[in-house]
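Numbering follows our numbering, with no gaps: position 141 of the sequence shown is 142. Note that beta-carbon positions come from the ideal geometry of N, C-alpha and C, so glycine has one too. Just so it is clear, the structure is predicted and the values come from calculations on it, not from any experiment.
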Amino acid sequence: MAGTWLMGAGAAAVGRRPTAVLVAVRPVDGDGSGPGSETSLAELSRLADTDGLTVADAVVQNRTKPDPATYVGSGKVDELAAVAERTHADVVIADGELSPGQARNLEERTGVRVVDRTALILDIFAEHARTSEGRVQVELAQIAYQLPRLRGDGRALSRVGGGRMAGGAGMGVRGPGEMKLETQRRRLRQRATRLRGNVAELARRRERNRGRQARNRVPSVAITGYTNAGKSALLNRLTGADAQVQDVLFATLDPTVRRISTGDLTYTVTDTVGFVRHLPHQLVDAFRSTLEEVSGSDLVLHVVDAAAPDALEQITTVHGVLHEIGAGNVPELLALNKIDVAPADWVAALCRACPEAVPVSALTGEGVDRLRAELAARLGRR
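Here it is in structure tokens:
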């Protein structure tokens, strides 16, 4: 269930799956037409479901760009408020990153808590991180997101005191609200400093392990791809591992490393965190040490959901993140997964678009032997 970080301190009192209303801006061209936001909105709905929320409705505004004050524009906010009231929504989720001012204005106009896509993804990561390293990285990302958004609520946290309010100290001095906010900021910054130290130590430890692998000449393969593409299922099929497999987004966050022996060749395979559209930059920064498993590998096994209608767009998204973490030049092998449920003509079209890709099914095992052979051949040529 969605936690207090996303829903606020009253989350536990709800006693049920909280209800969410989604809001999105669909970009339009000058002639009033433009690409739809259905795919992104459907993904946001899946993210909300993964986080334990029930999506009651969605509001979409056609605009060339988000409104700087209210994200969707003043008129559309009234419609959003009416939908939130009708559905008894506990939270409104924007399909984009909101500025602190936009979130505050939307909350005032709708009367319910407002969060954005970034906050939702951070909450999912916080729920699914299992290892101490994963939890540290998620908390660091949450702090980076939270710091610029701290604000007082109501008169008790009024930002500026003046005149006799501050003992006659005069206009512009700090009131009790501002001092409390500064205390919160200072504590968060101190906590972030400690967490970054922990992450740095874990990164050094991982670097030493990579150094030992290099000395022992153990090739490494990093499995990456869009979330829910079937990376963990394919790892299990390739290695006989028991990595967690669920039909939800971001089911696993912590790297899983297994060893494969094919003839005279032995190499490691690491399952890493999945990517998604508009992956929060706070997460990319926080998980940079973990994602270095990809940039430090000999080969990237990029798993693609061949049944997804936007498979090519997902490939582009993953390539963007790989370039961001410095792994854009690592040799790549595409595995078109889920061919057992994908239409045959669509798989054929993907193979034409990506001629070197290997079609596989982690569920049935089809194509896995060919994939093992291709992995061995690629690593043998390194």
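Val331 and His320 have their C-alpha atoms roughly 11 Å apart. Beta bridge pairing from DSSP links Pro28 with Arg64. Where Asp311 is concerned, there is no enclosing alpha helix (DSSP H), because DSSP gives it neither an H nor an E. In this structure, the straight-line span from the alpha carbon of His89 to that of Ala70 is close to 24 Å. Around the beta carbon of Arg118, 16 or more other beta carbons sit within 10 angstroms, so the residue counts as buried. If you draw a straight line from the Cα of Arg136 to the Cα of Asp346, it comes to about 42 Å.
A residue is called buried when at least 16 other Cβ atoms come within 10 angstroms of its Cβ; Glu39 does not meet this threshold and is exposed. When DSSP states are grouped into helix, strand and coil, Gly112 belongs to the coil group. Straight-line measurement puts the Cα of Asp50 at about 17 Å from the Cα of Val60. Counting along the chain, no alpha helix (DSSP H) covers Ala328, and no H or E run does either. When beta bridges are read from the DSSP output, Asp272 appears opposite Ile224 and Thr257. Annotated three-state conformation of Ala142 is helix, per DSSP. Closest in alpha carbon position to Glu109, among Ser75, His303, Val139 and His129, is Ser75. Listed in chain order, the non-local C-beta contacts of Leu380 below 8 Å within the same chain comprise Pro220, Val222, Leu266, Tyr268, Asp299 and Leu300, local neighbours out to five positions each way being set aside. Nearest neighbour of Lys66 by Cα position, chosen from Ala193, Arg27 and Ala95, turns out to be Arg27. Counting along the chain, the unbroken beta strand (DSSP E) around Ala95 starts and ends at Val92 to Ala95.
Counting the other Cβ atoms within 10 Å of the Cβ of Gly366 gives fewer than 16, which makes it exposed.
Taking the Cα of Leu81 as reference, the smallest distance to any Cα among Ala374, Gly264 and Ala25 is reached at Ala25. Taking 7 Å as the cut-off, the beta carbon of Leu107 is found no closer than this to the beta carbon of Val116. Across the set Ala349, Val342 and Val295, the C-alpha of Val295 shows the shortest separation from the C-alpha of Leu334. By the Cβ-count criterion, Val342 is exposed, with fewer than 16 other Cβ atoms from all chains shown falling within 10 Å of its own Cβ. Remark: C-beta atoms of Ala85 and Thr111 approach each other more closely than 7 Å. Residue range Arg118 to His129 is occupied by the alpha helix (DSSP H) that includes His129. Comparing C-alpha distances from Gln62 to each of Val285, Arg47, Ser133 and Asp79 shows the shortest one belongs to Asp79.
Beta-bridge pairing by DSSP links Ser262 to Thr267. Here Thr20 carries a strand assignment [DSSP, helix/strand/coil]. Taking the Cα of Asp272 as reference, the smallest distance to any Cα among Arg260, Leu121 and Ala307 is reached at Arg260.
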